[in-house]
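> Sequences listed follow chains A and B, in order. With positions in the first sequence counted from 1, the corresponding number in our numbering is that position plus 890. With positions in the second sequence counted from 1, the corresponding number in our numbering is that position plus 890. All C-beta atoms in this analysis are idealised placements derived from N, C-alpha and C, irrespective of residue type, glycine included.
Protein chains: 2
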Amino acid sequence: VADHPLEALFRPAGIAVVGASRTPTKAGYQILKNLVDVGYPGALAPINPAGGEILGLPSRPDLSAVPGPLEMVVMAAPAAATPGVVGQMEARMAARGDIRAVVCSAAGFAEVGSEEGRRWQEQLAGFCRRHGIRLLGPNCVGVIDVEARIDTTFIADTSHLPGGISFVSQSGAVGAWLLMSWTAAPAGGVGFHRFLTVGNMADVDIIEGIEALGADPGTRVLGMYLEGSPRARRLVEAAGGVAVRKPVVALKVGRTAEGAQAAHSHTGSMAGTDALYEGAFRQFGLVRAASIGELSDTMRAFDSLPLPAGNRVFLYTQAGGPGIVGVDAMAATGLFQPAVIGPAAREALRRVLPPIASICKPEGHADITAAALAGHHVDGLEVVLRDPGVDAVVFITVATLFLDLEDMARRMLDLLARLRGEGIEKPLLPVILSGNWVRPARGVLEKGGLPTYDSPEAAVRVLAALTRYAAFRRRAGPGGGR
Amino acid sequence: VADHPLEALFRPAGIAVVGASRTPTKAGYQILKNLVDVGYPGALAPINPAGGEILGLPSRPDLSAVPGPLEMVVMAAPAAATPGVVGQMEARMAARGDIRAVVCSAAGFAEVGSEEGRRWQEQLAGFCRRHGIRLLGPNCVGVIDVEARIDTTFIADTSHLPGGISFVSQSGAVGAWLLMSWTAAPAGGVGFHRFLTVGNMADVDIIEGIEALGADPGTRVLGMYLEGSPRARRLVEAAGGVAVRKPVVALKVGRTAEGAQAAHSHTGSMAGTDALYEGAFRQFGLVRAASIGELSDTMRAFDSLPLPAGNRVFLYTQAGGPGIVGVDAMAATGLFQPAVIGPAAREALRRVLPPIASICKPEGHADITAAALAGHHVDGLEVVLRDPGVDAVVFITVATLFLDLEDMARRMLDLLARLRGEGIEKPLLPVILSGNWVRPARGVLEKGGLPTYDSPEAAVRVLAALTRYAAFRRRAGPGGGR
């Protein structure tokens, strides 16, 4: 793994930023700042002909002046600067031969469709090919490795909490969306491992990105945004090769003919017919997300929750109406059975829940009512999670005057830790209504490692993905460590 | 309208709160506090046998001691107190005869299924029937009229911005969810007019709620959460009677057999087969929301946006990938045509957008690219909105380092005001990615009266609802003022 061909992108020794700038709204400033802020452990060299310091680092007039080692060059200068930068890199390779990876963040290359854009891209790609240098982009947002403390993106102030999710994207905007929305999440971040946007794919393409992250032991969940590839079959096979070992979640656009046409115009990808992808996704056990939000929710759940042992789900709700929304959503999947709990568990629920609670009417359902306090929520939940007839729990609550949601959140985390200590691990999906109103309580749960949901439908979609993937893995048999 | 039978619920002269309390976590405290906080203009009487002041108001030992007028009694005392409260109300009616409405917030009545619960409910309902008093509940969250400054709910610190949405709910939790998530919205609230939860429907039922809000001239959009009714046909006819004059948006649960069973268990409603509702909804031009979030988004859009004149939609995006997600979502509805703009507009876009922008490839689509600054966003948008071939615009942008989103938001509002001054009014649906990261910019737009969306799919769902309803109204012909 250490010498996987893309390791140079994630673990370079020494980085130069060409087009480094003192202007905070320029990519050439922000890339350098991100590398400084994450504490990149290698040598950082801003390249700027005007000289002077940038962010406390001495800038160099060109690449030849970088002391080295210099394994990565990040190109933030405009596309028109490409011939000059390639010239510098040629000289550096002749003199030192140390560059192993180029990340080209600038746009204005082949994606524009102009003659000169194509020429610059080919000049850059040709240089890299000749020297065995790996090229990411052009027109990409860049690469992050949380553990290795590298962030070549130009997105400001994103959080870098460690986790098991790695994400590869054929859209910089989708990648940026993910990083920013995670940073703005209730817990102030969502843990992840590696992040890669492939841009114009002049060298490193989406398939190689999938293979590299799939082979990476720090990646527990592989997520991707896909527009397509001329090698569609190869793409799904690469993803399928990963899915026998770890969950793969994909948002694949071009579902419609119109979307496919737009994808082609965007990155020149051949989207292929959606039916081909859909069938292959199912065959290879890939999880398909229907929206950007679902993609994020599903990746997070796979990284944080145990897989369910079966499809028997208990819906435990303090909110009547939203509970029915959840029942509808579960039934519409055609995937779940109501979890029938035993007589002792029913009796225990009657004992710990408010007297007006509705228990097992219908089966697999408890409405603990708005009279429920934090203790009721968690005591009843314990009964349900302990019952051997329950594979997973969807939990729904809405803020009330009487309910201390943060206290409930802390007690819920305690309960899960206690059960884990006894070997009881089942997916619990807490829906905490309503929106930002309940952000503090959601923050407590998410900081404690338990993702939360803002609608019953969102939780059910995620549980459906966990349940389908668990069934796939059981069918596929042991295919490697997860 | 002034003497519509439910006006006593929205405009009572004098309110007593039975079970008023000094304990902030009690409903009997919060209801009184909400009435004080919204500035209820009539006399407020806390009823508490212990006497003393509550929230600066002298409490009375019982209803007979309230000076009056006393048109509404809010019951916050436990269900077991019902016989005593009914006795007090009997005495009050004998002596003064001024009570016109009762809101019973307490739970523990017929919904529990207990013998005594049913008896208390029947005792309360029977008393109200005999005296021609309208009863809301029991087991309801209550009533709000923003203009009349009444709020009998026990939900703390919700915002009461004026607007045209009225909402009636068969679930207190869904109603509470709406109020809290609106309060936590980027603009610090969402304008609405009236709010009603019908609880156990011992007297006022969902049908009468629909009729009352439908007849109310301050209600421009009628939203509802429905579990069902024994008079299903009557229910959809009542809603249909409103829909010829103003948009009606419904989240109807019990879509599945399992959901219908849960609904029956929750409020005893006969959910009816979903196919019946679905067919009737279509026949009567009712807009069906598929989720709680979509319900809120759709109501807000109807209250804030003009209806589209047709189905020709331009997708204007700064973010390539999310733009394709939007194209897919639009195409999947089977409802829209790409808006083909004229040669002059194409030329104008080429002039005002960044050189690398992709214009009308495919038709009805522009990718202005991440190079776009605030001015690019808004200048190009103006070109598109002015083109006579465009009925509606879905606008997508993701925060970048170079883009001042709040400046863009202010310019966008200016543009819309200018166009409105020239008689150009078309629905514009701005998708501002990513989540809370862009809350300030979304706040600017929403304070300016333009709802925003956090995913392309959400915007497309809302535009589909506007487009379908506009077509229904055109087919139905002029059916009253909107």
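Only counting the same chain, and skipping five residues up and downstream in sequence, which positions put a Cβ closer than 6 Å to that of F1085 (chain B)?
Contacts found: I1034 and F1057.
> Closer than 7 Å by beta-carbon distance: list the chain B residues that pair up with G987 (chain A), in chain order.
Near G987 (chain A) there are no residues of chain B at all, since even the closest Cβ is about 34 Å away, more than 7 Å.
> From the DSSP output, in three-state form, read off L1306 (chain B) for me.
Reduced to three states, the DSSP call for L1306 (chain B) is helix.
> If A1191 (chain A) sits next to L1185 (chain A), beta carbons under 8 Å apart, how far is it from one beta carbon to the other, in whole angstroms?
Not confirmed; about 11 Å, so no contact.
> Just verifying my parser: in three-state terms, what is the DSSP assignment at E1253 (chain A)?
Coil, per DSSP.
> On the three-state DSSP scale, how would you describe R990 (chain A)?
Of the three classes helix, strand and coil, the one that applies to R990 (chain A) here is coil, per DSSP.
> Just how far apart, CA to CA, sit E1127 (chain B) and V1284 (chain A)?
Cα-Cα distance, rounded: 35 Å.
> As a quick exercise: from B:A1349, B:C1250 and B:T1290, pick the residue whose alpha carbon is nearest that of T1048 (chain A).
With distances taken between Cα atoms, T1048 (chain A) lies closest to B:T1290.
> Since A935 (chain A) is in the beta strand (DSSP E), which residue starts that stretch and which ends it?
Residues L934 to I937.
> Just verifying my parser: in three-state terms, what is the DSSP assignment at S1248 (chain A)?
If DSSP states are grouped into helix, strand and coil, S1248 (chain A) belongs with the strands.
> Beta-carbon within less than 7 Å of A917 (chain B)'s beta-carbon, same chain only, minus the 5 sequence neighbours each way: which residues are those?
The residues are A966, S995 and F1044.
> Would you please verify whether the beta carbon of T1259 (chain A) is less than 8 Å from any beta carbon of chain B?
It does; some Cβ of chain B falls within 8 Å.
> The alpha helix (DSSP H) that contains F1171 (chain B), what's its start and end?
Start and end: D1164 to Q1173.
> Are P1137 (chain B) and Y1359 (chain B) touching if we call contact CB-CB under 8 Å?
Yes, Cβ-Cβ distance for P1137 (chain B) and Y1359 (chain B) is below 8 Å.
> Kindly indicate the opening and closing residues of the beta strand (DSSP E) around G1054 (chain B).
Taken as a continuous stretch (DSSP letters only), the beta strand (DSSP E) holding G1054 (chain B) covers P1052 to S1059.
> Counting contacts by CB-CB distance shorter than 8 Å, is T1109 (chain A) in contact with chain B?
No, T1109 (chain A) lies away from the interface with chain B (no Cβ there is under 8 Å from its Cβ).
> To the nearest angstrom, report how far apart G1099 (chain A) and F1082 (chain B) are at their CA atoms.
Those two C-alpha atoms are separated by around 49 Å.
> Of all the options A:V956, A:E1312, A:R1202 and A:G1079, which has the alpha carbon lying nearest to the alpha carbon of A1354 (chain A)?
Cα-wise, what sits closest to A1354 (chain A) is A:R1202.
> Going along the stretch 1070-1086 of chain A in order, which residues come within less than 7 Å of chain B, judged by CB to CB distance?
Listed by position along the chain: M1070, S1071, T1073 and A1074.
> Taking only beta carbons into account, state which residues of the stretch 1135-1151 of chain A come closer than 9 Å to chain B, listed in chain order.
The stretch 1135-1151 of chain A vs chain B, Cβ under 9 Å: L1141, V1143, G1144, R1145, T1146, A1147, E1148, G1149, A1150 and Q1151.
> Touch check for the stretch 896-908 of chain A and the stretch 933-944 of chain A: three-plus C-beta pairs under 8 Å?
Taking 8 Å as the limit for Cβ pairs, the verdict is that the stretch 933-944 of chain A does touch the stretch 896-908 of chain A.
> Using a Cβ-Cβ cut-off of 8 Å, state whether Q920 (chain A) counts as contacting chain B.
It does; some Cβ of chain B falls within 8 Å.
> Does DSSP put A1355 (chain B) in a helix, a strand or coil?
Three-state DSSP puts A1355 (chain B) in a helix.
> Less than 8 Å between the beta carbons of L1323 (chain B) and P1212 (chain B), yes or no?
A contact, by the Cβ cut-off of 8 Å.
> Would you please state the rounded distance, in angstroms, between the beta carbons of V1273 (chain B) and A1229 (chain B)? I believe it to be under 8 Å.
Not a contact, Cβ separation roughly 12 Å.
> Tell me which residues share the same chain as A1015 (chain A) and place their Cβ nearer than 8 Å to its Cβ, disregarding the 5 neighbours each side in the sequence.
For A1015 (chain A), where only same-chain residues beyond five positions count, the Cβ hits under 8 Å are L1025, A1092 and D1093.
> Tell me, please, whether the CB atom of F1171 (chain A) is closer than 8 Å to any CB atom in chain B?
Cβ-Cβ to chain B under 8 Å: no for F1171 (chain A).
> Take D1269 (chain B) and list the residues in its own chain whose beta-carbon comes closer than 7 Å to its own, dropping the five residues that flank it on each side.
Answer for D1269 (chain B): V1242, listed in chain order.
> Going residue by residue through the stretch 919-959 of chain A, where are the continuous beta strand (DSSP E) segments of at least 3 residues, counting only ones entirely within it?
List check, beta strand (DSSP E) in window: 934-937.
> When burial is assigned at 16 or more other CB atoms within 10 Å of the CB, is R901 (chain B) buried or exposed?
Result: buried.
> Which residues in the same chain as I1246 (chain B) place their Cβ atom closer than 7 Å to its Cβ, once the five residues preceding and following it in sequence are excluded?
Once the five neighbours on either side are set aside, the close Cβ partners of I1246 (chain B) are T1259 and A1261.
> Identify every run of the beta strand (DSSP E) within the stretch 1088-1146 of chain A, keeping only runs that are complete inside it and at least 3 residues long; order them along the chain.
Entirely contained in the stretch 1088-1146 of chain A, the beta strand (DSSP E) runs reaching 3 residues are, in chain order, 1111-1116 and 1138-1142.
> State the start and end residues of the unbroken beta strand (DSSP E) segment that holds I1034 (chain B).
Where I1034 (chain B) is concerned, the enclosing beta strand (DSSP E) stretches over V1033 to D1035.
> Kindly indicate which three-state DSSP category V1002 (chain B) falls into: helix, strand or coil?
Looking at V1002 (chain B) - three-state DSSP - the assignment turns out to be helix.
> Tell me whether R1241 (chain B) sits in a helix, a strand or coil according to DSSP, three-state version.
Helix at R1241 (chain B).
> Please work out which residues of its chain come closer than 6 Å, Cβ to Cβ, to R1008 (chain B), disregarding the five sequence neighbours upstream and downstream, and give them in chain order.
A1000.
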